[in-house]
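A.B. asks: Top line first, the protein sequences correspond to chains A and B.
Remember, our numbering sits 6 above the position in the first sequence when you count from 1.
Remember, our numbering sits 6 above the position in the second sequence when you count from 1.
Yeah, the Cβ is synthetic: ideal placement off N, Cα and C, and Gly gets one too.
Before I ask anything, let me first share the structure, which is written out below as structure tokens.
2 protein chains.
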Amino acid sequence: MIVYGRNPVGEALRGRRAHTVKDIWASGGAAREPWLEGVKVKLVSGEELERRCGSNAHQGICAEAGGYPYVGSEELLKVSGEPLLLALDQIVDPQNLGSICRTAECAGASGVIIPERRSADVTPAVCKASAGAVEHLRIAKTRNIADFLGDARERGYWCYGASTSAEAVPYDQPDYTGRVVLVLGSEGSGLRPRVAGACDQLIALGQHGQIQSLGVSAAAAALLYGILHGRSKGLDKAP
Amino acid sequence: MIVYGRNPVGEALRGRRAHTVKDIWASGGAAREPWLEGVKVKLVSGEELERRCGSNAHQGICAEAGGYPYVGSEELLKVSGEPLLLALDQIVDPQNLGSICRTAECAGASGVIIPERRSADVTPAVCKASAGAVEHLRIAKTRNIADFLGDARERGYWCYGASTSAEAVPYDQPDYTGRVVLVLGSEGSGLRPRVAGACDQLIALGQHGQIQSLGVSAAAAALLYGILHGRSKGLDKAP
């Protein structure tokens, strides 16, 4: 798989599939950047890069790496301690998936689960949109998000679904200590009923404007950091 | 100015420049959507729409509206009560500017200030990326963000700059009651020293991953909702 862009190539070189990175191609300017010191780079033209990437967003560099190293969904659930997982149901826009993965990695999420179908895959465009975060993040695929949430609950996870429905509580009410899955639905229509039904609790961000339509990647950022904040407060209260 | 896409045209029809919307063009499918009932629409082909918009992201509809109705920066500062303003220094990517405006509108921010130069303007692409939020949001331009923050402080605003520097306090420490400006710097390099120096306090989101590079629109979402949460807690504590 081709990885393109400065951050994606840089993170691929130090991430989970670093050992699979083979050739690196760069145009003159990018090849001289200090972070590539000691790395073997083939000098090529911008046109050649664009041809290899199928995109003009390469920033002068691309690399050939192995396929994206998805982990098993079982492996995600087996993490010890108090993991924070993110389940993304039917996020089809690569920009959104990449942006959410970037935020999840920065927020220290333990992993991301996406469905096998009706979801963006971790493509080169997603790697780019994630600023390379997917190279460090553990991402798993599941046949069915609702079933995954059922498995998670059996293992002591508490599943919070982001929702704008009337049953949802304000997102800053729960304390979010323990094992947590945050569930986000699709860009257009939110959580499907079966997925919402598989959650322990529905949570909502306040919508105080006219448009009532927060973007899913903004919602992910507000909720992930809200959960981290809730956990820290929950721990303050702990005996 | 051409506004394109379903949400942008819909919000333009009920937003701050609704009276300036003249012609609306739509392809067959979009023209029959229920929200356009009673609205005069000219039927055109997809190619004609793409030609008018200069983009293929029109979703079958576009409209001719007046220029974007920026407000004066003085007007933003004069809002009574406890406004929450957002100052964006050198956000050049239209997608980021649009996405931040969308979140700001949903979070109930009172307005957004951007610099006259080295910033994306409110273009049709920004309207689209904001899902039409810019039609309701009050956006002002200023020659100099640092000077604007000085004016704001004179009027009793407290200016919080998002920063990853060592002087920054965790963002969830302040209570954010009163008149607040949240200041965000550019995608690549954050706050410029003079802008950071014009803030009362620097605040930081925790970065718990490998990549240490939260996107600016994700940071905006986490901070805006964090500020709303801090305010609600601050009010709980008030006598």
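Cβ of residue 13 of chain B less than 9 Å from any chain A Cβ?
C.D. replies: Yes, its Cβ sits closer than 9 Å to a Cβ of chain A.
A.B. asks: For the stretch 99-110 of chain B and the stretch 201-212 of chain A, state whether three or more C-beta atom pairs, one from each stretch, are separated by less than 8 Å.
C.D. replies: In short, these stretches do not touch, since the Cβ pair count stays below three.
A.B. asks: Would residue 169 of chain B and residue 197 of chain B be called neighbours here (beta carbons separated by less than 9 Å)?
C.D. replies: The answer is yes: Cβ separation under 9 Å.
A.B. asks: Does DSSP classify residue 167 of chain A as helix, strand or coil?
C.D. replies: Three-state DSSP puts residue 167 of chain A in a strand.
A.B. asks: Assign residue 65 of chain B to one of two classes, buried (16 or more other C-beta atoms within 10 Å of its C-beta) or exposed (fewer than that).
C.D. replies: Classification of residue 65 of chain B: buried, given that the 10 Å Cβ count is 16 or more.
A.B. asks: Assign residue 76 of chain A to one of three DSSP states: helix, strand, or coil.
C.D. replies: In the structure shown, residue 76 of chain A sits in coil (DSSP, three-state: anything other than H, G, I, E or B).
A.B. asks: Report the rounded CA-to-CA distance for residue 79 of chain B versus residue 117 of chain B, giving the unit in angstroms.
C.D. replies: Approximately 9 Å between the Cα atoms of the pair.
A.B. asks: Does the distance from the C-beta atom of residue 23 of chain B to that of residue 75 of chain B stay below 9 Å?
C.D. replies: It is a contact, given that the beta carbons lie within the stated cut-off.
A.B. asks: Counting C-beta neighbours from all protein chains within 10 Å, is the total for residue 13 of chain B 16 or more, i.e. buried, or is it exposed?
C.D. replies: Burial call: buried.
A.B. asks: Consult DSSP for residue 231 of chain A and reduce its assignment to one of helix, strand or coil.
C.D. replies: Looking at residue 231 of chain A - three-state DSSP - the assignment turns out to be helix.
A.B. asks: Hey, would you say residue 230 of chain B sits closer than 9 Å to residue 82 of chain B, going by beta carbons?
C.D. replies: Cβ distance not < 9 Å, so residue 230 of chain B and residue 82 of chain B don't count as in contact.
A.B. asks: Would the stretch 157-173 of chain A count as touching the stretch 49-69 of chain A if we require 3 or more Cβ pairs under 8 Å?
C.D. replies: Because the criterion of three Cβ pairs below 8 Å is not met, the stretch 157-173 of chain A and the stretch 49-69 of chain A do not touch.
A.B. asks: DSSP has residue 210 of chain A in a bridge; who is on the other side?
C.D. replies: Beta-bridge pairing links residue 210 of chain A to A:176.
A.B. asks: According to DSSP, simplified to helix, strand and coil, what is residue 58 of chain A?
C.D. replies: Helix at residue 58 of chain A.
A.B. asks: Using a Cβ cut-off of 9 Å, which residues of the stretch 207-226 of chain B contact any Cβ in chain A, in chain order?
C.D. replies: Answer set for the stretch 207-226 of chain B: 211, 212, 213, 214, 215, 216, 217, 218, 219, 220, 221, 223, 224, 225, 226.
A.B. asks: Residue 235 of chain B: buried (16+ other C-beta within 10 angstroms of its C-beta) or exposed?
C.D. replies: When all chains shown are included, residue 235 of chain B counts as buried.
A.B. asks: If you run the structure through DSSP and keep just helix, strand and coil, what is residue 220 of chain B?
C.D. replies: Residue 220 of chain B: coil per DSSP, three-state reduction.
A.B. asks: Based on the DSSP secondary-structure assignment, which residues constitute the bridge partners of residue 31 of chain A?
C.D. replies: DSSP lists A:48, A:68 as partners of residue 31 of chain A.
A.B. asks: Would you kindly check if the distance between the Cβ of residue 20 of chain B and the Cβ of residue 216 of chain A is under 9 Å?
C.D. replies: Yes, these two residues count as a Cβ contact at 9 Å.
A.B. asks: Three or more C-beta pairs closer than 8 Å, one from the stretch 150-166 of chain A and one from the stretch 127-141 of chain A: is that the case here?
C.D. replies: With the cut-off at 8 Å, the stretch 150-166 of chain A and the stretch 127-141 of chain A do not touch.
A.B. asks: Taking only beta-carbon atoms, is residue 112 of chain A less than 9 Å away from chain B?
C.D. replies: At least one chain B Cβ lies under 9 Å of residue 112 of chain A.
A.B. asks: Ignore the nearest five residues each way along the sequence and tell me which others in residue 72 of chain B's own chain have a CB closer than 6 Å to its CB.
C.D. replies: Contacts found: 23, 26.
A.B. asks: From what residue to what residue does the beta strand (DSSP E) around residue 84 of chain B run?
C.D. replies: Taken as a continuous stretch (DSSP letters only), residue 84 of chain B belongs to no beta strand (DSSP E), as it is neither H nor E.
A.B. asks: For residue 178 of chain B, return the contacting residues in chain A, with the cut-off set at a CB-CB distance below 7 Å.
C.D. replies: Near residue 178 of chain B (Cβ distances below 7 Å), the residues of chain A are 235.
A.B. asks: Would DSSP call residue 128 of chain B helix, strand or coil?
C.D. replies: Of the three classes helix, strand and coil, the one that applies to residue 128 of chain B here is coil, per DSSP.
A.B. asks: So the candidates are A:159, A:232, A:208; which of them puts its Cα closest to the Cα of residue 174 of chain A?
C.D. replies: Minimum Cα distance to residue 174 of chain A is reached at A:208.
A.B. asks: Under the rule that 16 or more other beta-carbon atoms within 10 Å means buried, what is residue 28 of chain B, buried or exposed?
C.D. replies: Burial call: exposed.
A.B. asks: Which chain A residues sit within Cβ distance under 9 Å of residue 105 of chain B?
C.D. replies: Here the neighbours are 105, 221, 223, 224.
A.B. asks: So residue 121 of chain A packs on residue 95 of chain A, CB below 8 Å; how close in whole Å?
C.D. replies: Confirmed, Cβ separation roughly 6 Å.
A.B. asks: Considering only the beta carbon of each residue, do residue 258 of chain B and residue 212 of chain A sit closer than 9 Å?
C.D. replies: No answer is possible for residue 258 of chain B: it lies beyond the span of chain B, which begins at 7 and ends at 245.
A.B. asks: Assign residue 189 of chain B to one of three DSSP states: helix, strand, or coil.
C.D. replies: In the structure shown, residue 189 of chain B sits in a strand (DSSP, three-state: E or B).
A.B. asks: For residue 201 of chain B, which three-state DSSP category applies?
C.D. replies: In this structure, residue 201 of chain B counts as helix in the three-state DSSP scheme.
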